[in-house]
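Worksheet: one structure, shown below.
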Amino acid sequence: MGFGTMIVGFFFVFFNFNFGPVNLFPDLVGYILLCIGGNQLAGRIDNKHFYVLGKTAKLLIALSVLDLFVKNSSILNGAINGPDTIEGRLFIGITTLLTVFLSVFFFYNLSTGISEEAGKGGNSELAERAAKTNKLFMVYQLAGAIILLGTLIFVGEVVQYQIGGSGFFLMIGLIIVILYLFVQVRKMLKLASETFEDNQQESW
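Mapping of the sequence shown onto our numbering: position 96 corresponds to residue 110, and the numbering continues sequentially without gaps.
What follows is the structure in structure tokens.
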């Protein structure tokens with residue numbers, strides 16, 4: 015139905031950490047999986063909110079590809095994405111805001127669609143879980159954007175935490191928050207998958 019694919023996709027998106035030069039879980043893979051899962055869901059359940067998931071994920075894929083292209087370009091890397099220049103701050107700020115907006119838009123439509131379909135089937139538990147998880151996701155995205163943009167404006171650089179450095183405990187705290195959010199998203203998607211599969215089997 016697409017929910018399982020999206021669970022894996024969200025894992026890549028949430029745990030998009032760099033360990034030195036290596037990115038073990040690139041967000042690009044996550045966005046591709048979200049696109050696949052969203053299209054699968056739209057093909058199985060007739061809901062206007064599900065129809066926009068694939069298109070929104072494609073825009074997130076485009077932003078991620080642009081970011082990778084700039085970072086791997088010997089000419090552009092450091093020229094238009096350097097946090098110590100006005101151009102770099104604008105580039106990082108604009109791409110960050112676009113990514114946050116599209117991510118929130120994707121998740122809003124996903125959770126709202128789930129809530130609506132759950133309401134049609136009289137499943138108040140799933141509807142409430144979807145609404146609460148959506149609020150949690152929005153708070154997380156907003157907080158992340160404020161922190162990143164704040165460091166760009168007031169510090170003039172993108173803060174990076176190194177394992178074993180002074181930001182170790184902040185990094186651990188961030189991982190705990192992300193892990194909690196991922197668990198909540200997984201619970202919502204897993205419950206939605208089980209509920210809608212049962213509903214379709216009953217209708218057959």
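Each residue gets a CB set at the ideal place from its N, CA and C atoms; glycine is no exception. Since this is a predicted model, take the numbers as computed values, not measurements.
Which of helix, strand or coil DSSP assigns to residue i
| i | result |
| --- | --- |
| residue 199 | helix |
| residue 37 | strand |
| residue 94 | coil |
| residue 164 | helix |
| residue 66 | coil |
| residue 78 | helix |
| residue 20 | helix |
| residue 88 | coil |
| residue 190 | helix |
| residue 15 | coil |
| residue 25 | helix |
| residue 30 | coil |
| residue 61 | coil |
| residue 208 | helix |
Nearest candidate by alpha-carbon position, reference residue i, set the options
| i | options | result |
| --- | --- | --- |
| residue 42 | 209, 100, 192 and 75 | 75 |
| residue 127 | 58, 101, 83 and 154 | 58 |
| residue 78 | 88, 114 and 15 | 114 |
| residue 28 | 185, 210 and 195 | 195 |
| residue 146 | 125, 135 and 69 | 125 |
| residue 122 | 66, 136, 208 and 18 | 66 |
| residue 209 | 187, 148, 131 and 39 | 131 |
| residue 155 | 117, 129, 64 and 25 | 117 |
| residue 148 | 99, 203 and 50 | 203 |
| residue 134 | 23, 206 and 83 | 206 |
| residue 80 | 61, 112, 99 and 49 | 112 |
| residue 18 | 99, 101 and 49 | 49 |
| residue 153 | 37, 83, 54 and 191 | 191 |
| residue 199 | 184, 185, 150 and 189 | 150 |
| residue 189 | 22, 23 and 30 | 30 |
Supposed contact pair residue j and residue i - C-beta distance, whole angstroms, cut 8 angstroms
| i | j | result |
| --- | --- | --- |
| residue 143 | residue 201 | 7 angstroms |
| residue 20 | residue 47 | 7 angstroms |
| residue 166 | residue 97 | 6 angstroms |
| residue 52 | residue 26 | Between residue 26 and residue 52 the Cβ distance is about 15 angstroms, and since that is not below 8 angstroms, they are no contact. |
| residue 120 | residue 70 | 4 angstroms |
I want to know whether the segment 150-168 touches the segment 97-116 - three or more CB-CB distances under 8 angstroms. yes
Report the start-end ranges of each beta strand (DSSP E) in the segment 100-160 that is 3 residues or longer and not cut off at the edges. none
Does the segment 139-157 come into contact with the segment 83-93, if we say contact requires no fewer than three beta-carbon pairs (one atom in each stretch) closer than 8 angstroms? no
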